[in-house]
Structures are given as C-alpha cells and as structure tokens.
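S.K.: This is the structure, below, for whatever I ask next.
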Amino acid sequence: MPEAIPHPVLFLWQVARRFSDAERTIEVLRKADLAVWPGQTVALIAPSGTGKSTLLQLAGLLEKPDEGEVYIASRPTTGLADDERTAMRRDEIGFVYQSHRLLPEFSACENVMMPQLIGGLARAEAEQRSREILGFLGLGERLGHRPSELSGGEQQRVAIARAVANRPRILLADEPTGNLDPKTSAHVFETLLGLARVSQLAAVVATHNLDLAARMDRRVTLRDGVVVELD
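The opening position of the sequence shown corresponds to residue 256 in this note's numbering, with each subsequent residue numbered one higher.
Okay, here's the thing in structure tokens:
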C-alpha cells in the first residue's frame, strides 16, 4: 500500500483581508491560498506594503480573515472563541520576529522556559528541555547569560529556541535576520532551517534576502493580494 500523503499543517484557503478608512477600502489579500506541510520551509519574498505581515498575522491567528479560512492541522479556526485561538497559538505556533523580544531581566535559559511554564509544564522539565534546545542551537555555554551579555546572533538563536519550546507544529518568522550582519544572518538562518527540519515544523519565513531564501524548500510572493509560487 502506498504511504498516506499527510495533510498540510498550515492551510490558508481563499483568505481575504481588507482595511477601510473614511475614504476607501484597501484590499490587502484577495482569496489567497497557501499550504505548508510538516518539515517544509517556505520563504515569503515580497516588497513592503504587499501584505507579508498581514499574511503572517492571519497564519498565526493574530487576526481573522474577512473571508476564507485558516486551517491549523486540518482544524478550521475562524469560528473559534478567543480563548481557543489563544490556546492554539500557544500550543501549535511559534513566532520569531526581527527584534528578539527577549525579557532582559532573565537568562537565556529562563527566557526559553517562560512559555513552557505558562503552558503548565513543571519547572524541572521546562528547564531540562530549555537546556536541550539551547544546546542543540550551540548555546550550551550561554544558558545563564542575560540578553545584554549575548551577541545579536546569540540573542536571535535564543528567540528561536523560545519559539519552539512548546513543540509547535508551525514556525512563523518575520525578517528574523533583518538586524544581523550577513555572516551572522547566514548562521542564524541555517540554525532555524535545521531546527525546522529536525522537528518537522512547517516554517514560513518572510525575508528580503534572496540568497537565504534560495536555501528553503519553496519560495512564494504576493501579487495583487494573491500568493504566487516562484521558480
């Protein structure tokens, strides 16, 4: 018997998003589709103002589409109550931003522990898992350092570790290496991609860096509010 083809972990189906002011309505997304499977990395390449951040916000359940549906692990989400959406974001989705957004008063290990403790994991287990993730990312000697004692690349690797601490199925990253020099960017990017593949994460990464995007499984862009495959 042939192996069953897995369903996409993230599936945006015919999503539309529009914003209105006193004079006009701006359609940012128009019936856009995007499917991402376990272990697949997708680069989202598009100029500023074309809807990249809006697409990531919808995929991360931070906004609701005006039309269409967002499926997480085959489950429709637009009709979920706010507390259900919050729980799904916490358990199923990890976020990495251009700024690391680490808590300055806590160590690298404590920053990675935080989402796990919020999710109800025992402190000892959260600490052990944080040590393992940071060790995998090459930060085993920096566990007790606060963000101000880490380099920019190290800070961003801690942010990646924090994003995957709760074992999400989806990783969303918005220009995660935008503040880093080219050499550090490449190292952090490879770290992120390696972790996504090892953990079988479905990863969508918005980036302007075409060299880094070329290392990913797929490349897509936004044209007139629609997702278009590149290559």
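Just so you know, even glycine gets a beta-carbon here, dropped at the ideal spot from N, CA and C.
Is the segment 271 to 280 in contact with the segment 387 to 400, if contact means three or more CB pairs nearer than 8 Å?
M.R.: Output reads no: the segment 387 to 400 does not touch the segment 271 to 280.
S.K.: Taking buried to mean at least 16 other C-beta atoms within 10 Å of its own C-beta, is A379 buried or exposed?
M.R.: Here residue 379 refers to the residue found at position 124 when the sequence shown is read from its first residue. Per the 10 Å Cβ criterion, exposed.
S.K.: Can you tell me the Cβ-Cβ gap for L355 and P402, rounded? I've got them flagged as a contact below 8 Å.
M.R.: Within the sequence shown, numbered from 1, the residue matching residue 355 stands at position 100. Within the sequence shown, numbered from 1, the residue matching residue 402 stands at position 147. The sequence shown places His at residue 355, not Leu. Contact holds; Cβ gap of about 7 Å.
S.K.: What do you reckon, are the CB atoms on P293 and V264 nearer than 9 Å?
M.R.: The count along the sequence shown starts at 1 and reaches residue 293 at position 38. The count along the sequence shown starts at 1 and reaches residue 264 at position 9. Yes.
S.K.: Looking only at its chain, what residues have a beta carbon closer than 8 Å to the beta carbon of P423, apart from the 5 residues adjacent to it on each side?
M.R.: Translated into the one-based positions of the sequence shown, residue 423 becomes position 168. Close CB contacts of P423 within its chain, under the 8 Å cut and outside five residues either way in sequence, are with D346, E347, I348, G349 and L456 (chain order).
S.K.: Using a threshold of 9 Å, state whether the C-beta atoms of V351 and P437 are closer than that.
M.R.: Residue mapping note: residue 351 aligns to position 96 of the sequence shown, counting from 1. Residue mapping note: residue 437 aligns to position 182 of the sequence shown, counting from 1. No.
S.K.: Residue range of the alpha helix (DSSP H) that G407 falls in?
M.R.: In the sequence shown, the residue the question calls residue 407 occupies position 152. Note, G407: alpha helix (DSSP H), G407 to A418.
S.K.: Check K319 in the structure and name its three-state DSSP category.
M.R.: Counted from its first residue, the sequence shown places residue 319 at position 64. K319: coil per DSSP, three-state reduction.
S.K.: Might you give, ordered along the chain, the residues of its own chain that have their beta carbon closer than 8 Å to the beta carbon of E445, omitting 5 neighbours on each side?
M.R.: For the purposes of this step, residue 445 is taken as residue 190 along the sequence shown, with counting starting at 1. Closer than 8 Å at the Cβ level, and outside the excluded window around E445, lie R470.
S.K.: Is the separation between the beta-carbon of L376 and that of R384 shorter than 9 Å?
M.R.: Taking the sequence shown and counting its residues from 1, the one referred to as residue 376 is at position 121. Taking the sequence shown and counting its residues from 1, the one referred to as residue 384 is at position 129. The criterion of a C-beta distance shorter than 9 Å is satisfied by L376 and R384.
S.K.: Could you tell me which uninterrupted alpha helix (DSSP H) segments, each at least 4 residues in length, are contained entirely in the segment 285 to 361, listed from first to last along the chain?
M.R.: Fully enclosed alpha helix (DSSP H) runs of 4 or longer: 307 to 314 and 337 to 347.
S.K.: May I ask you to report which of helix, strand or coil DSSP gives L267?
M.R.: Taking the sequence shown and counting its residues from 1, the one referred to as residue 267 is at position 12. In the structure shown, L267 sits in a strand (DSSP, three-state: E or B).
S.K.: Given a cut-off of 9 Å, decide if L467 and S440 are closer than it, judged by their beta-carbon atoms.
M.R.: Walking along the sequence shown from the start, residue 440 turns up at place 185. Walking along the sequence shown from the start, residue 467 turns up at place 212. Against a cut-off of 9 Å, the Cβ pair of L467 and S440 comes out as a contact.
S.K.: On the criterion of 16 or more Cβ atoms from any shown chain inside 10 Å, does L435 qualify as buried, or is it exposed?
M.R.: As a position in the sequence shown, residue 435 is number 180, starting the count at 1. So L435 counts as buried.
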